[in-house]
Ligand SMILES: [Zn+2]
Ligand SMILES: [Zn+2]
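Numbering (the working numbering), first residue to last: 414 to 594.
Written out as structure tokens, the structure is:
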């Protein structure tokens with residue numbers, strides 16, 4: 414049984430990437446694409462001082478929309494995300510609740526004063542989203558430099574990050590890790 418991945422765009426700016434991204438991810442990870450969950454950014458996740466949304470708070474809202482353990486939810490937003498220990502995050506995942514969110518805010522070249530580049534934006538979205546799906550499938554951040562589960566601290570590290578997983582992470586992905594005890 415293929416696990417199901419729901420793609421949930423949270424705003425207009427992210428909606429245009431939702432169908433494309435869902436297809437790419439389901440192909441890459443052999444998941445069943447799902448749509449139909451409608452959600453918006455929860456107001457209580459907004460931090461006016463930072464002008465950012467608290468990623469963990471959004472994930473706990475997404476968890477309530479889930480039907481079963483076989484389902485994963487990946488939300489996407491154009492707003493900027495943070496967690497208390499970091500200035501910003503590209504995305505955040507909870508492997509226990511199998512929910513994740515990614516932001517396109519800092520992957521747009523315009524954020525860095527550079528001209529728009531849709532192809533670059535798409536490759537970065539796929540990079541960030543694949544990392545978070547990896548977490549939802551049980552992977553941890555990885556120290557191997559040639560691995561997509563490596564941490565990217567800034568945009569150049571993100572652009573240099575591999576779009577593949579290292580051997581150890583691939584083994585962890587394919588082993589039956591989801592056996593319930
Ligand atoms: Zn990570
Ligand atoms: Zn790895």
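Ideal Cβ positions, reconstructed from N, Cα and C, are used throughout, including at glycine.
If you're wondering where the values come from, they're calculated on a predicted model, not measured in any experiment.
The region 425-443 in contact with the region 466-476 per 3-pair CB rule at 8 Å: no
Exposure of residue 461, with buried meaning 16 or more beta-carbon neighbours within 10 Å: exposed
Check: residue 486 C-beta below 8 Å from any heavy atom of ligand 1: no
Bridge-paired residues (DSSP) for residue 561: None, per the DSSP bridge assignment.
Beta strand (DSSP E) segment containing residue 494, residue limits: 494-496
Residue 452 - DSSP class collapsed to helix/strand/coil: coil
Neighbourhood of ligand 2 [Cβ distance below 5 Å to any heavy atom], ordered by chain position: 555, 557, 560, 562, 579, 582
Cα-Cα separation between residue 513 and residue 473, rounded to whole angstroms: 10 Å
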